[in-house]
């Protein structure tokens, strides 16, 4: 199915359900926006078919979000914030770049869920349920991808000659939070970074999902809710009271260990 047809037919609930909100667990990176910052991930094979998803939170009206290319020849994909909205540009085989600019503002310091879907000459961009598709008029249908996936900035050791879109190196670095970055269903490997701070603790301090006074902590990028003093159970201490007041501890992927108190 063509991506433009998919964008029209896919219901809003399905579009949003494809992404995890920041409060659902997952690693986050905090970008300070300083010159020279960057995060470098393992290559995303976006040559033909593929999906990349993440959540972002920012208050800037212009910044580089992510970039990849073919090592300085013809093909590239660039996702920017421009005029406070996400803008996508990409090309294949040196054709005129395809462009799209979404209407949803993302510079409001709120969380927004983003999905990029590659389908040969087409690329679909979704933010919070708004979907648009762009198609490049190229002879070749597969995008060549040779670079790593750059997020929030371009490393200084990447030569201009190795960048298909050389101006990307001088774009304003991203400032804000990026969470739950995934290629398909898997987080890509972070190969290196500069000026970036891991901020998984925000999952508790700013987006605490633990109900009824459960104690929130983060381990290996996953939220843990200690429900032992609440009388409730479930991953987020939100399920019915435990029998006889027996406390429960919920860990990692939802595994629950019940600590039964016995009367003497």
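Residue numbers (mature numbering (1 follows the signal peptide of the UniProt record, and there is no 0)): -26 to -1, 1 to 238.
Yeah, the Cβ is synthetic: ideal placement off N, Cα and C, and Gly gets one too.
It should be emphasised that the depicted structure is a prediction, and the values quoted were computed from it without experimental measurement.
Contact check for residue 32 against residue 148 passes: the beta carbons are separated by less than 8 angstroms.
With a 10 Å radius around the Cβ and a threshold of 16 neighbouring Cβ atoms, residue 144 comes out exposed. Just so you know, the alpha carbons of residue 56 and residue 99 end up roughly 15 angstroms apart.
Bridge pairing for residue 147: 38 [DSSP]. When 34, 28 and 184 are compared, the shortest CA-CA separation from residue 101 is found for 28.
When DSSP states are grouped into helix, strand and coil, residue 60 belongs to the strand group. The Cβ neighbour count for residue 87, taken over all protein chains shown within 10 Å, is at least 16; the residue is labelled buried. Residue pairing by DSSP places residue 170 opposite 5 in a beta bridge. Note on residue 47: under 16 other CB atoms within 10 angstroms of its CB, so exposed under the neighbour-count rule. Cβ-Cβ distances below 6 angstroms link residue 116 to 21 and 22 in the same chain, with the five nearest sequence neighbours on each side left out; the list follows chain order. Put simply, the segment 125 to 140 does not touch the segment 106 to 113. Fewer than three CB pairs are less than 8 angstroms apart. Residues of the same chain with a CB within less than 6 angstroms of the CB of residue 40, apart from the 5 flanking positions on each side, are 53 and 125 in chain order. Within the same chain, and ignoring the five residues on either side of residue 44 in sequence, the residues whose Cβ sits closer than 8 angstroms to its Cβ are 50, 117, 118, 119, 120, 121 and 138. Going by beta carbons, residue 97 and residue 108 fall inside the 8 angstroms limit. When the five nearest sequence neighbours on each side are left out, the beta carbons in the same chain lying within less than 6 angstroms of the beta carbon of residue 204 are those of 186, 187, 188 and 211, in order along the chain.
For residue 18 against residue 38, the beta-carbon gap comes to about 16 angstroms, at or over 8 angstroms, which does not count as contact. Judged by their CB atoms, residue 72 and residue 65 are nearer to each other than the 8 angstroms cut-off.
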